[in-house]
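Chains as they are written, first to last, in the numbering used here: chain A, 24 to 369; chain B, 56 to 420; chain C, 173 to 684.
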Amino acid sequence: MSATTKTRTAAEGRTASKPAPASAAARLLGDRRLPVLVTAGLFLAMYIGGLSRYQNYGFGEPQVFLNLFIDNSYLLVAAVGATFVIMSGGIDLSVGSLIGFTTMFTAWLVERQGLPLLLVIPLALGVGAFGGFLMGYVIHNFEIQPFIVTLAGLFLFRGLCLVISKESISISDSTVSSMAQTRVSLGLGELSIGAIVALVVLAAAFYILHYTRFGRRVYAIGGNEQSALLMGLPLGGTKIAVYTVSGFCSALAGLLFMLYIQSGDPLHAVGMELDAIAAVVIGGTLLTGGSGYVLGTLFGVLVLGLIKSIIQFEGTLSSWWTKIATGVLLCAFILIQRAMTTRKQT
Amino acid sequence: MSTPAVTTPSRWRALTRHHLFWPVAVLIALLLVNVPFTPDFFAIRMADGHLYGSLVSIVLFGSPLILVAVGMTLVIATGGIDLSVGAVVAITGALTCSYISDQADQNALAGVFLAMGIGLVAAVVCGLWNGFLVARMGIQPIIATLIIMVAGRGVAQLITDGQIITINSEPYKLIGGGYWLTLPFSIFVVAAVVAVTVALTRRTALGLLVESVGGNAEASRLVGIRSRRIKIMVYMFCALCAGIAGLMISSNTSAADGNNAGLWIELDAILAVVIGGTSLLGGRFSIGGTVIGALVIQTLTTTIYTIGVPTQTNLVFKAAVVIVVCLLQSPKFRAKVFGAKGARTTAPAEPATPADAAPKMEVSR
Amino acid sequence: MAEPRPVLEMTGIVKEFPGVRALSGVDFRLFPGEIHALMGENGAGKSTLIKVLTGVHTLDGGTITLDGKAVRIGSPLQAQHAGISTVYQEVNLCPNLSVAENIFIGREPTRAGRIQWKQIRKEAAEMVDRLGLDIDVTAPLSSYPLAVQQLVAIVRSVGHGDSDGEGSGTKVLVLDEPTSSLDRDEVLELFRLMRRLRDEGVAILFVSHFLDQIYEICDRMTVLRNGTLVGEHMVADLDQVGLIELMIGKALDQLEELHEHQLRSDVGETLVKAEGLGRTGGIAPFDLEIKKGEVLGLAGLLGSGRTELARLLFGADQPDSGKVTVAGKQVSMSAPNDAIGAGVAFCSENRKTEGLVPDLTVRENIILALQASRGWTRPIPASQRDELVAKYIKALDIRPANPEARVGQLSGGNQQKVLLARWLITQPKLLILDEPTRGIDVGAKAEIQKLVVSLSEDGMSVLYIAAELEEVLRLSHTIGVLRDRKLVAQLTNGPEITTSKILETIASGEHQ
């Protein structure tokens, strides 16, 4: 009996430690960096395609590239928050309405209540983080699906927007407009404050996810919640923290959006949670959690942004192609993920 | 005389235990709230041969939601979820209206029927795609249906070319805005769909098999149920219901708006299903409960309007309803809040752990 | 030889679950530098004892002493800090993280909050090296086969105390069925590691269903039955027959009516024939024939492959090799549907997870299999359905006799009867019963056994699996004996076949 089994394991006497020589395709599918690379490659291909097609319309300007960051800063911040949640195996549908609420809340405090912006910013961030904390608390302690809890959050924050005001509130506060117009020169072009904040958030998220215990717990819980529990990791605390981070990021994204649009509107950012989730998935994070990189999320956001820019440059294409293209990409990446996970199971 | 005295409490208990008791109670309570503000709330008037009144309008405006929620019930009963129904509503409306608007004679019956057929076929195709991803590819339902949720609105706008297509077709207007036998025609459509659904699930074995698949997928496999087929069918049916709702919405406004038609209806529908007593985890479902759940949501909207609270707070109320309903359905919450009360009288120590532990022990061998 | 002081002593351990006393006053001790087997059949209380020890369950009575000090273990984390580490059958690690990270997560060395990755990789490589393993610690865990993942889990548990300063090193290592899905080479590698740890003074508690492995690696064993201690022996002092007798014991229930029962002798022609049927990691390829009206009993210990064999015959798992013919026709066995179509029915041993749909009523659960075979478009007419259900509720005496009752609320015995009714209604040719009498009361046990006899008399073939040998012996025409995932013998029942004869066959693994 042992003779038959011995022939199966190639390396005699060794641990069957080295995985059996797999085909190149299988090995490629098994590499968890693959989705990020695909997304980065896709971005590059799209950018080069754009370059060759719209060369004469100024697509090659460095500023066009930098504008991707300026125009999508809020989405990047929101998507980074969503990355934490999705990485832990959860989902957050309240992102869009929390962004909308933050724009309304800040606009209302600054314009109608006359509070200084410096006071309003921490207040708004605190409210967002607290909202996320509450959702995380309910999800963990009452074992209700994240989907339905954050759906309640979606309703709640959108409703609170409308409670503040049905009309949009435009912001004429001088601090806001000066901040909005501030550009930081990079030599080749310039970035807005929002873009810089977004990049800082991205860097911080990268550091947190890869160099802190909390970050690794997020990966561990997303990989296998039961194991994480048995390995003695604080499951509840981490889960609640993840939703708190997402709430904070959404609020920050709301502030950036407010800065970008300079108004508060109860209908701002409707459905942006879908964009954020799409960016995360296109960026290669597994929707079931545990695998992915926050850097991938950056590429996901850039791809979505580039689609928008190309459609603008194309001129004849209409804005809804953005949604269709997003959906098609989403589908493709979900199928890639599926192929990767089935390979692992067998 | 003593017999009624004995039976009344037990009858009352049987009544409160009925699965529709709480949804109906909430609905009635919500309706009653209106009375002090609108004394003639329950009054139904006849004008121009049509019936008017708050109750009629609740059913009329709630019709699309009831349709979508009925389809959603079956999907949820299999343990799935369908986020794409809102987009399907938009696609169906867009296709149908754009076809009708291309006709020389928008009132021609043949053209209208063909247009509706095209719209509904598109809806069913969307459902087939969802079902394929869920049942064949094994993708989580929430993720699989996200694709059409995102792309579908784009497709709808593509069809309408980003415009709001307005049409002027009398026969088409009937579905969502017309009257028949003094009642809004959409009520008949809803009644027909609900009746067909009930017949389909309870007169055939579909309901049983759906509940079995949602209640215990592995046991269902071992008993020989072809759960893939069932799931695909259910997603197609759900999309068909959404498609009919799409016809109704676009007919009511005589316009197709790719961007806003059916916006957030998936969330309302899920909410209606949950209020109606169907568990999000799958298994037992109740079409009647879902219809009442949808009516509760519509009544909530109407009530907020009539009692003079700013309509904007609608969403806040809805959030509160979601939270309360979900908390009440959560065994953990019940154990913590209600269980603690009961346990205090007997034994305060660890009421939850042994109950949790025992089934786990059975599973791990 | 003077006995050293035990590192772990558990005295009078009591654990109760609602309605069940899982452990009643069990004593257990573990010495440093030994490998100790914990033996027992289903429901003996092995896993409960381990879960009490590792803090998954809190104990209801008794004391645990570790290194002479009484300890209270409230959670897995506390157990780890106390020096008790556990590796389960399903590897409880995160496959998406690297090997090094899996070893260190939860106690990563940090400087100003920053994880010191270099240090982690270096220390992990050293630990792996020190235990003589050849593993690239930077690779993701999922790139290694299960066996290696298991070794990593052990490295993680024994490395625990060394690096964080919180504990005092692993004193007790619990290995709960680590070998059940490993091949021979992998098992040897695991044993090498276990011996090494033993020699370093770690006390290892080892659970395995493979008797050979127990006799190969263990120094001492403790046997449990029905939640009580039945003995602690040096492995060298107890032969396999003795061990199995201790584990299975004598049947507790006496079935007078069946006692004198003569098995019918005129079994018919071959109904089901399996040739070379097998599945890697499940059961080695086997040949089997079941005749019409025959009861084929399967005897063997828990984990010997009884269930695996049954599942292959039903198509619940896909076989890697071999073929099955039913009544002369080959059946593809790619899904349960194929087997059901050929007239095979299967009552799983896991009533709750693989049998019942607890939310549905008794009636719905009973008609489920028949309805599934008819498809959704052809419902069973209500009158016929009610009649069938009423008939089987009466015939099997299901209580409460209310077809509207939710099946989840029934007692275990009645749930089992509902499952039986579900399949009997389809009038199968072969009925597979996997431990139908487990966890149900004596009365229901007797009824189910009587039913098997009468079904066989009516010409139905039955494949019967039970933990109690007496039960198998009493009912079966032929007894298939399994050991270590192999069908080792098929004995024709007769006066010369006794429980001790079967015990010997299980113990020796040979057909005599």
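Here a beta-carbon is modelled for each residue, glycine too, at the ideal position from N, C-alpha and C.
With a CB to CB cut of under 7 Å and the five nearest residues on each side skipped, what residues in its chain are close to residue i?
i: C/Ile-178; result: In the sequence on display, residue 178 of chain C carries Pro and not Ile. Taken in chain order, the residues that qualify are Arg-201, Leu-202, Phe-203.
i: B/Val-79; result: Ile-347
i: C/Phe-486; result: Pro-508, Ala-511, Val-516, Phe-518, Ile-604
i: C/Ser-648; result: Val-467, Leu-468, Gly-469, Tyr-636, Asn-665
i: B/Gly-262; result: Thr-256
i: B/Phe-168; result: none
i: C/Val-330; result: Ser-257, Thr-342, Leu-345, Leu-369, Val-374
i: B/Leu-150; result: Ile-173, Gly-174, Ala-177, Ile-214
i: A/Phe-356; result: Pro-58, Val-304, Ile-305
What's the call for residue i, buried or exposed, on a 16-neighbour Cβ count within 10 Å?
i: C/Pro-176; result: exposed
i: B/Trp-235; result: exposed
i: C/Arg-244; result: exposed
i: A/Leu-67; result: exposed
i: B/Glu-225; result: exposed
i: A/Tyr-182; result: The amino acid at residue 182 of chain A is misidentified as Tyr; the sequence shows Gly. Buried: at least 16 other Cβ atoms inside 10 Å.
i: A/Asn-95; result: buried
i: B/Met-192; result: exposed
i: B/Phe-97; result: exposed
i: B/Tyr-227; result: buried
i: A/Val-143; result: buried
Grab me the residues of residue i's own chain with a C-beta within less than 8 Å of its C-beta, minus the 5 sequence neighbours each way, in chain order.
i: A/Gly-315; result: Arg-55, Pro-58, Val-59, Thr-106, Ile-109, Met-110, Val-303, Gly-306, Gly-307, Thr-308, Leu-309
i: B/Leu-350; result: Leu-82, Ile-113, Val-114, Gly-117, Ile-121
i: A/Val-220; result: Ser-96, Val-100, Leu-275, Leu-279
I'd like the list of long-range same chain contacts for residue i, defined as Cβ closer than 6 Å, with 5 residues on each side in sequence excluded.
i: C/Leu-354; result: Ala-319
i: C/Ser-335; result: Reliability fails at C/Ser-335, whose pLDDT of 43 lies under 50, so the model's placement of it is uncertain and no value is given.
i: A/Pro-169; result: Gly-113, Ile-114, Ile-162
i: B/Gly-233; result: Phe-240
Pick from the options: whose alpha carbon is nearest that of residue i?
i: B/Ile-173; options: B/Ile-214, B/Val-81, B/Lys-286; result: B/Ile-214
i: C/Ala-639; options: C/Leu-560, C/Val-259, C/Gly-469; result: C/Gly-469
i: C/Gly-240; options: C/Ser-626, C/Ala-254, C/Gly-233, C/Thr-598; result: C/Ala-254
i: C/Thr-664; options: C/Asp-656, C/Leu-645, C/Arg-655; result: C/Leu-645
i: C/Glu-536; options: B/Gly-338, B/Phe-393, B/Ile-342; result: B/Gly-338
i: C/Thr-479; options: C/Ala-456, C/Lys-464, C/Gly-500; result: C/Ala-456
i: C/Leu-522; options: C/Trp-595, C/Pro-608, C/Leu-484, C/Leu-602; result: According to the sequence shown, residue 522 of chain C is Asn rather than Leu. Answer by Cα proximity: C/Pro-608.
i: C/Ser-583; options: C/Val-561, C/Tyr-564, C/Gln-502, C/Val-534; result: C/Val-534
i: C/Ala-311; options: C/Pro-575, C/Arg-193, C/Gln-385, C/Val-324; result: C/Val-324
i: B/Ile-219; options: B/Ala-311, B/Phe-393, B/Pro-94, B/Ala-84; result: B/Ala-311
i: B/Leu-264; options: B/Lys-286, B/Pro-94, B/Thr-93; result: B/Lys-286
Which chain A residues are close to residue i, counting only those with a beta carbon under 9 Å from its beta carbon?
i: B/Ala-206; result: Lys-346, Ile-347, Ala-348, Thr-349, Gly-350, Val-351, Leu-353, Cys-354
i: C/Cys-266; result: Tyr-242, Ala-243, Ile-244, Gly-245, Gly-246, Asn-247, Ser-250, Ala-251, Met-254, Gly-313
i: C/Pro-204; result: Here the premise fails: no neighbours, minimum Cβ distance about 24 Å.
Would you mind telling me which residues of chain B sit closer than 8 Å to residue i, beta carbon to beta carbon, in chain order?
i: C/Gly-403; result: Within 8 Å Cβ-Cβ: nothing; C/Gly-403 doesn't reach chain B, min ~23 Å.
i: C/Ser-545; result: Gly-279
i: C/Thr-509; result: Residue identity check: residue 509 of chain C is Asn in the sequence provided, not Thr. Residues of chain B passing the Cβ test: Gly-279, Arg-281.
Along chain C, in chain order, which residues have C-beta atoms closer than 8 Å to that of residue i?
i: B/Arg-258; result: Pro-551
i: A/Arg-135; result: Going along chain C, no residue has its Cβ under 8 Å from A/Arg-135, so there is no contact; the nearest lies around 41 Å.
Would you mind telling me which residues of chain C sit closer than 7 Å to residue i, beta carbon to beta carbon, in chain order?
i: B/Ala-274; result: Glu-526, Gly-527, Leu-528, Val-529
List, in chain order, every chain D residue whose beta-carbon is nearer than 7 Å to that of residue i.
i: C/Ile-512; result: Absent from the structure: chain D. Protein chains present are A, B and C.
Show which residues of chain A have a CB atom less than 7 Å away from the CB atom of residue i.
i: B/Phe-421; result: Here chain B covers residues 56 to 420 and nothing more, so residue 421 of chain B does not appear.
Can you confirm whether the segment 346 to 360 of chain B touches the segment 176 to 191 of chain B when touching is taken to mean that 3 or more C-beta pairs between the two stretches lie within less than 8 Å? no
Does the contact criterion of 3 or more C-beta pairs under 8 Å hold for the segment 276 to 290 of chain A versus the segment 215 to 230 of chain A? yes
Quick one: any contact between the segment 233 to 250 of chain A and the segment 261 to 274 of chain C, if contact means 3 or more CB pairs under 8 Å? yes
Using a Cβ distance threshold of 8 Å, determine whether the segment 199 to 219 of chain B contacts the segment 133 to 146 of chain B, with at least three qualifying pairs required. yes
Are at least three pairs of beta-carbons, each pair with one atom in the segment 197 to 205 of chain B and one in the segment 336 to 356 of chain A, less than 8 Å apart? yes
Three or more C-beta pairs under 8 Å: does that hold for the segment 144 to 151 of chain A against the segment 319 to 328 of chain A? no
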